[in-house]
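J.: What follows is a single structure, and I will ask about it in a moment.
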Amino acid sequence: MAGGTGHPIGTPVTGAREPLMGWSREVGDLRLPLLLTIHALQALPLGGWIASRRLSDSPARATVWLAALAFARALSGPPTF
């Protein structure tokens, strides 16, 4: 996002957006993966401590895979929804 011209990946034709959040409905949008990863980084210490006490490794791995897949999907260009 720092090197680009904005949040979308690709060139939107009509500018169709989600009404509530403003995410692009035509091309990939980096705001959703950014939202997930920034909040994941903020919650990681507390979440890791809780997970180590109460959960198995599967939920932690699932969260990492979800964030990685959302970021990869946004970079590939299709709309988030």
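Counting in our numbering, the final residue of the sequence shown is number 85, and the numbers go up one at a time with none missing. Backbone N, C-alpha and C fix where the C-beta goes; we use that ideal spot for every residue, glycine too.
1) Using the C-alpha atoms, what's the distance from residue 73 back to residue 61?
2) To the nearest angstrom, how far is it from the Cα of residue 30 to the Cα of residue 76?
3) Does residue 37 get closer than 7 Å to chain B when you measure Cβ to Cβ?
4) Using only CA atoms, which one of 39, 22, 63, 34 lies nearest to residue 80?
T.: Straight from the coordinates:
1) Residue numbering aside, residue 61 sits at position 57 when the sequence shown is read from its first letter. Residue numbering aside, residue 73 sits at position 69 when the sequence shown is read from its first letter. Rounded to whole angstroms, residue 61 to residue 73 spans 18 Å at the Cα level.
2) Locating residue 30 in the sequence shown gives position 26, where the first residue counts as 1. Locating residue 76 in the sequence shown gives position 72, where the first residue counts as 1. If I take the Cα positions, the gap works out to 16 Å.
3) No chain B is present in this structure, which holds just one protein chain.
4) Position 76 of the sequence shown, counting from 1, holds the residue named residue 80. That would be 34, whose Cα lies nearest to the Cα of residue 80.
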